[in-house]
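Presented below is the structure to which this report refers.
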Amino acid sequence: MTQHRIAVIPGDGIGREVVPAGLEALEATASRFGLGLEFDTFDFASAEYWQRHGTMLPSDWEETLRGYDAIYFGAVGWPEVVPDHVSLWGSLLQFRRTFDQYVNLRPCRLLPGVRGPLAGREPGDIDFIVVRENTEGEYSSIGGRIFEGTERETVLQETVMTRVGVDRVLRFAYEQAARRPKNHLTSATKSNGISITMPYWDERVAAMQGQFPGVRVDKFHIDALVANFVLHPDWFDVVVASNLFGDILSDLGPACTGTLGLAPSANINPERDHPSLFEPVHGSAPDIAGRGIANPVGQIWCGSMMLDHLGHPEAAAHLLGAIEDVLAYGPTEAPLTPDLQGKGTTAELGQAIADRVRTRD
Ligand code: ATP
Ligand code: MG
1 MTQHRIAVIP GDGIGREVVP AGLEALEATA SRFGLGLEFD TFDFASAEYW
51 QRHGTMLPSD WEETLRGYDA IYFGAVGWPE VVPDHVSLWG SLLQFRRTFD
101 QYVNLRPCRL LPGVRGPLAG REPGDIDFIV VRENTEGEYS SIGGRIFEGT
151 ERETVLQETV MTRVGVDRVL RFAYEQAARR PKNHLTSATK SNGISITMPY
201 WDERVAAMQG QFPGVRVDKF HIDALVANFV LHPDWFDVVV ASNLFGDILS
251 DLGPACTGTL GLAPSANINP ERDHPSLFEP VHGSAPDIAG RGIANPVGQI
301 WCGSMMLDHL GHPEAAAHLL GAIEDVLAYG PTEAPLTPDL QGKGTTAELG
351 QAIADRVRTR D
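So the sequence shown is residues 1 to 361, counted in full-length UniProt numbering.
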């Protein structure tokens, strides 16, 4: 039996409510496909841990987590107890950096039965993924202010692109495009305005094209690209972007497909030298935490992405299919949560999806 060890970190707020629903669906999928998943749950990376210890993580967290095949993460942040910048920098951002999770992956897919904000769009019209570079680019901390307080006051911040950093994220994106049915890669650029780094990005995209002869490649300037996400979402399959552009696209993309509660994401170390981390796009949502009404679909979908990453694409597709089936029943037939116009609870919707995993073909 395949064995994968998963570190589970529920974190704060609705993270603690949606993670159990996610685990139930994962367990159902594992037993259906004969996968051995072993889960160990940790209480760190939470406000409660911070209250007890004055830090977000134990000093040996790296050794502890390093041995796992993946990290299944809920949400971190409870501003009443610990400021957001402390909780985020003290936990999630440490994981991303230390484990060199240089790809941020967000699927954007309009699911059946979900009312998205774009009029007239059907499931199938929106089905693409955004691949964001997660470690360099525009988010360097290199720069500063000179002549401060004078009329010559000048502020600059450098963009850093390394060949290794650019090529590794592009390779991941090309590989994704090569394995998806449309074999189409779109690169986000702005080489008409940003005249040094962006032409370099374009150059590296072109240089790799020969290694993926089956992949059709195009590029859009970021301004046109965001417009087309809204006007022609059906044009896209895999979209790859630098850190800043990817940040923008990976919020806009899921926003085109419905509620925040549905959207999953992955922080991936493709070489598998370190564990990758799977977390819903939403945060701890203090406004609804403790009421049992959070939508667990984003968290459950993260489980599907995790199975795919662990080398089980069929199990991953089956789990996503179960989500789609249950959403398609609609709020009168299925216990959908209030953000999906239903009256169901987190646990009921999680249960319905796990049941569907067991019964669907
Ligand atoms: P954080 O700072 O941790 O991101 P936040 O206060 O920004 O927290 P989010 O968790 O990002 O809150 O949520 C933003 C809004 O979306 C909130 O009103 C929240 O209730 C809603 N929301 C987020 N996730 C879900 C979910 N899974 N189900 C239903 N509503 C959700
Ligand atoms: Mg937020």
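Built from N, CA and C at the ideal position, the CB exists for glycine as well. Every value quoted in this text rests on a predicted model; they were computed, and no experiment measured them.
Any non-hydrogen atom of the ligand ATP within 7 Å of residue i CB
| i | result |
| --- | --- |
| Ser46 | no |
| Ser242 | no |
| Asp43 | no |
| Asn295 | yes |
| Ser187 | no |
| Asp287 | yes |
| Gly261 | yes |
| Val19 | no |
| Ile323 | no |
| Gly350 | no |
| Ser31 | no |
| Ile300 | no |
| Ile9 | no |
| Ala75 | yes |
| Ile194 | no |
| Thr337 | yes |
| Ile14 | yes |
| Asp84 | yes |
| Gly283 | yes |
Separation of residue j from residue i, as counted between CA atoms
| i | j | result |
| --- | --- | --- |
| Arg204 | Gln101 | 21 Å |
| Phe99 | Val8 | 16 Å |
| Pro213 | Glu324 | 33 Å |
| Arg106 | Thr55 | 30 Å |
| Ala263 | Gly210 | 33 Å |
| Ile248 | Asp237 | 17 Å |
| Trp201 | Gly34 | 43 Å |
| Glu48 | Pro10 | 12 Å |
| Ala354 | Gly311 | 21 Å |
| Glu151 | Asp40 | 58 Å |
| Thr332 | Pro338 | 12 Å |
| Val160 | Glu136 | 6 Å |
| Ser87 | Asp361 | 42 Å |
First and last residue of the uninterrupted beta strand (DSSP E) at residue i
| i | result |
| --- | --- |
| Leu349 | Here Leu349 belongs to no beta strand (DSSP E); instead the alpha helix (DSSP H) covers Thr346 to Thr359. |
| Ala241 | Val238 to Ala241 |
Any chain D beta carbon closer than 8 Å to residue i
| i | result |
| --- | --- |
| Leu156 | Note that chain D does not occur in the displayed structure, where there is just one protein chain. |
Range of the contiguous alpha helix (DSSP H) that encloses residue i
| i | result |
| --- | --- |
| Arg32 | Gly15 to Phe33 |
| Ser304 | Val297 to His309 |
(request) Enumerate, from N- to C-terminal direction, the unbroken alpha helix (DSSP H) stretches of 4 or more residues contained entirely within the segment 149 to 229. (result) Qualifying alpha helix (DSSP H) stretches, in chain order: 163 to 179 and 197 to 209.
(request) Identify every run of the alpha helix (DSSP H) within the segment 51 to 134, keeping only runs that are complete inside it and at least 4 residues long; order them along the chain. (result) 61 to 66, 84 to 89 and 92 to 98, all fully within the segment 51 to 134.
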